[in-house]
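Q: Its first residue numbered 38, the sequence shown is counted upward by one per residue in the numbering used here.
All residues carry an ideal CB built from backbone N, CA and C; glycine is no exception.
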Amino acid sequence: MTQRTETLKQILQDAYQTFLAACPSAASEWDAPSRVEGWSVRDVLAHLAYNQPSRNVLARNVLEGKGGSRPDFDLNFFNRRGLDKMQGKTADELKAALAEGHAEALKMLDTLGDELLDVKGKDPSTGVVTVAELFHI
38 MTQRTETLKQ ILQDAYQTFL AACPSAASEW DAPSRVEGWS VRDVLAHLAY NQPSRNVLAR
98 NVLEGKGGSR PDFDLNFFNR RGLDKMQGKT ADELKAALAE GHAEALKMLD TLGDELLDVK
158 GKDPSTGVVT VAELFHI
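#1: Would you report the Cα separation of K144 and D151, rounded to the nearest angstrom?
#2: What does a CB cutoff of less than 6 angstroms around V165 pick up in its chain, not counting 5 residues either side in sequence?
#3: Return helix, strand or coil for T22, following the three-state DSSP convention.
#4: With a CB to CB cut of under 7 angstroms and the five nearest residues on each side skipped, what residues in its chain are close to S106?
#5: Using a 10 Å radius around the Cβ and a threshold of 16 neighbouring Cβ atoms, would you call R72 buried or exposed?
#6: Taking 8 angstroms as the cut-off, decide whether the C-beta atoms of L45 and C60 are in contact.
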């Protein structure tokens with residue numbers, strides 16, 4: 038592991054802790070509107086919990102030389118499907134899913150050297166990025 042991966046891991050850990058600290062403590066607050074128009078706070082958590090593991094899959098895809106997201110990938114459909122799949126889960130279940138994906142990302146970073154962080158592939162929302170940037174996103 039390099040200083041660069043350690044720094045990236047710290048950035049991810051700080052962002053994760055900041056997010057958890059901002060999560061509501063009262064169950065009634067989970068259905069409040071978020072800053073994302075039309076989404077509740079629970080929707081944002083569900084989105085992150087569903088998408089976190091997919092980021093790790095996307096990074097592996099890029100590292101295996103598969104190029105990243107497919108040209109026909111529909112990000113809006115993927116996001117809607119993710120929210121649908123997470124419907125009915127409690128906030129604690131969503132946090133657990135997010136924690137699992139976060140831990141997997143940190144574990145994956147432990148295996149990457151600087152040369153692998155610089156491999157480029159296609160992210161569905163931002164275009165061509167490095168593996169390091171995939172983790173930042």
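A: Once the coordinates are examined:
#1: 15 angstroms
#2: K157, K159
#3: Because residue 22 is not part of the residues shown, which for the chain are 38 to 174, the question remains open.
#4: L95, K159, D160, P161
#5: exposed
#6: no
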